[in-house]
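Top line first, the protein sequences correspond to chains A and B.
Following this note's numbering, the numbering of the first sequence begins with 1 at its first residue and continues without gaps.
Following this note's numbering, the numbering of the second sequence begins with 1001 at its first residue and continues without gaps.
Backbone N, C-alpha and C define an ideal beta-carbon position, used for all residues, glycine too.
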Amino acid sequence: MTDGAALMVRIAGDTHRIEMRAVEGGEFDIRGDARARRSGGVVTVDEVRSRIRVTVPVGSDVVVGTVSGRVALSGRFGHVAVVSESGRVEVERAESVDVRTETSRVEVGEVAGVCRIRSTSGRVEVVSCGAADVASTTGRVELRQVDGVVDAHSVSGRIELSLERPHDVRAETLTGRIEVSLPPGTVAFRSDGPTDQRLPPPGAVCTVTARSETGKVVVATR
Amino acid sequence: MTAATMTASAIDGTVIFSDLVGFTEFNGARGDVAAVEVLDRHRALMDEALAEARDGRVVKELGDGLLVWSPSAAAGMRVATGFLDGVLDARSTGEFPLAVRIGVHHGTMHRRGDDIVGQTVNIAARIVNLAGPGEILLSDAVLDGSGHLGPFAVEPIGPTSVKGVAEAVWLYRIGCSG
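Below, the structure written as structure tokens:
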């Protein structure tokens, strides 16, 4: 393996904790009871029988599937995909993220590109990302510094999002509260939805569609 | 049941679950009449997709969801993508108020009267729980067998584990939010 060359690492876990660390100039290394096979730049890890600690080069792509084991990724990764039933998921930095879980809490740090998260009941927190495509049934969704188009969907969970620059936003809940914070001076077209026939106001630079059947909706500039 | 009859009831096929996102809360907010209208429209949109694909049937209605069977992965994906297209069209005009999420898996299952049972059905049910609004999640078994997926882009997601199934099931995504 070439020192420091980014890899594609695929892990099929079960109930055990999975810790990954992306290290500048690092090589693939695994500690714990699991089987690891390498083919070119792709490493496949399965038969995980204990907590594992995996080191990979910075920028590596990671795909993890687990049932209830906690997944914690520290350092800077490429594309990160995690499917988990109930284990908490933490990602420090990545180019893009796709996390799917039923009850896990999801904490994501900095994502340069698209951040896609699906959660049934777990809370979702993202520090910063490009475009965001986030859906939760009952969990609270908090997107702090978004710099891209936002699509946020919840049934009864609260949605809070803050944009770094003007972008189109579609936020929809049935009973949850929605709070959208736009950059200072942003003129946004507030659309009520797909059948809205109104014209955007002069100077509008983005469209915000925020709808809730019964929850309060707040769209404001900072 | 004898081994012979068990074998006779085994069928291959593609299982599609469609789930209405937020139906219970919608029912609470809009009332029973509106809820029944949504269920009827949901079913009608699936019937239209099945008629267009000319293969498959609704096995049963599951409260706010549908369980659909199709004889092949390719036919199943025609149904799923046609159905999602129909829902997105209806959503874009305000005709249909809720998003749907869809899970698709292919394999062997058993007939039980008009019903279907088995791990293939269980896996499809697990898959739909991981899908988001306006999204189709499909397994590698579906992708391997389906070939042409029309204008839809397929993105790999990752493996998911299902109780009682030794091998992880790899998931892929087709989607357009909404």
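With 8 Å set as the bound, which would you pick, yes or no: does the beta-carbon of residue i sit closer than that to a beta-carbon of chain A?
{"i": "Glu1037/B", "result": "no"}
{"i": "Asn1122/B", "result": "no"}
{"i": "Gly1158/B", "result": "yes"}
{"i": "Ser1161/B", "result": "yes"}
{"i": "Ala1034/B", "result": "no"}
{"i": "Pro1133/B", "result": "yes"}
{"i": "Ala1166/B", "result": "no"}
{"i": "Ala971/B", "result": "Outside the modelled stretch of chain B, which goes from 1001 to 1178, sits residue 971/B, for which no answer is possible."}
{"i": "Ala1029/B", "result": "yes"}
Helix, strand or coil: which one does DSSP assign to residue i?
{"i": "Ala1141/B", "result": "helix"}
{"i": "Ala1024/B", "result": "The identity of residue 1024/B in the sequence shown is Thr, whereas the question assumes Ala. In this structure, Thr1024/B counts as helix in the three-state DSSP scheme."}
{"i": "His1042/B", "result": "helix"}
{"i": "Val83/A", "result": "strand"}
{"i": "Ser104/A", "result": "coil"}
{"i": "Arg1030/B", "result": "helix"}
{"i": "Phe1152/B", "result": "coil"}
{"i": "Phe1083/B", "result": "helix"}
{"i": "Val1128/B", "result": "helix"}
{"i": "Gly1065/B", "result": "strand"}
{"i": "Gln145/A", "result": "strand"}
{"i": "Thr66/A", "result": "strand"}
{"i": "Asp1012/B", "result": "strand"}
{"i": "Val1121/B", "result": "helix"}
{"i": "Asp1089/B", "result": "helix"}
{"i": "Ala1166/B", "result": "coil"}
{"i": "Gly32/A", "result": "coil"}
Would you say residue i lies against chain B (beta-carbon separation less than 8 Å)?
{"i": "Thr195/A", "result": "yes"}
{"i": "Ala34/A", "result": "no"}
{"i": "Val63/A", "result": "yes"}
{"i": "Arg93/A", "result": "no"}
{"i": "Thr44/A", "result": "no"}
{"i": "Thr2/A", "result": "Confidence is the limiting factor: at Thr2/A the pLDDT is only 46, short of 50, which leaves the residue's position unreliable, though a coordinate-based value still follows. No, its Cβ sits nowhere closer than 8 Å to a Cβ of chain B."}
{"i": "Glu90/A", "result": "no"}
{"i": "Thr221/A", "result": "no"}
{"i": "Val150/A", "result": "no"}
{"i": "Arg100/A", "result": "yes"}
{"i": "Val67/A", "result": "yes"}
{"i": "Asp14/A", "result": "yes"}
Only counting the same chain, and skipping five residues up and downstream in sequence, which positions put a Cβ closer than 6 Å to that of residue i?
{"i": "Glu107/A", "result": "Glu90, Glu125"}
{"i": "Arg158/A", "result": "Arg140, Gly176, Arg177"}
{"i": "Thr103/A", "result": "Ser86, Ser121, Gly122"}
{"i": "Arg17/A", "result": "Arg51, Gly69, Arg70"}
{"i": "His167/A", "result": "Gly148, Val149, Cys206"}
Along chain B, which residues have their Cβ under 8 Å away from the Cβ of residue i?
{"i": "Thr186/A", "result": "Chain B residues near Thr186/A: none, gap ~22 Å exceeds 8 Å."}
Could you list which residues in chain A have their beta carbon closer than 9 Å to that of residue i, in chain order?
{"i": "Phe1026/B", "result": "Val155, Leu174, Glu213"}
{"i": "Ala1099/B", "result": "Ala135, His153, Glu172"}
Excluding five sequence neighbours on each side, which residues of the same chain lie with their C-beta closer than 8 Å to the C-beta of residue i?
{"i": "Gly1158/B", "result": "Trp1170, Leu1171"}
{"i": "Ile1116/B", "result": "Ile1011, Gly1013, Val1015, Val1059, Leu1067, Trp1069, Met1109, His1110"}
{"i": "Gly59/A", "result": "Ala6, Ala22, Arg76, Phe77, Gly78, Glu95"}
DSSP beta-bridge partners for residue i?
{"i": "Asp1055/B", "result": "Beta-bridge pairing links Asp1055/B to no other residue."}
{"i": "Ser119/A", "result": "Thr101/A, Ser136/A"}
Excluding the five sequence neighbours on either side, which residues of its own chain have a C-beta within less than 7 Å of the C-beta of residue i, listed in chain order?
{"i": "Arg1101/B", "result": "Asp1019, Val1021, Val1128, Ala1131, Gly1132, Pro1133, Glu1135"}
Determine the chain A residues that contact residue i at a beta-carbon separation under 7 Å, and present them in chain order.
{"i": "Val1021/B", "result": "Val155"}
{"i": "Leu1171/B", "result": "Val83"}
Could you name the residues of chain D that residue i contacts, counting a contact when the two beta carbons are closer than 8 Å?
{"i": "Thr120/A", "result": "Among the protein chains of the structure shown, namely A and B, there is no chain D."}
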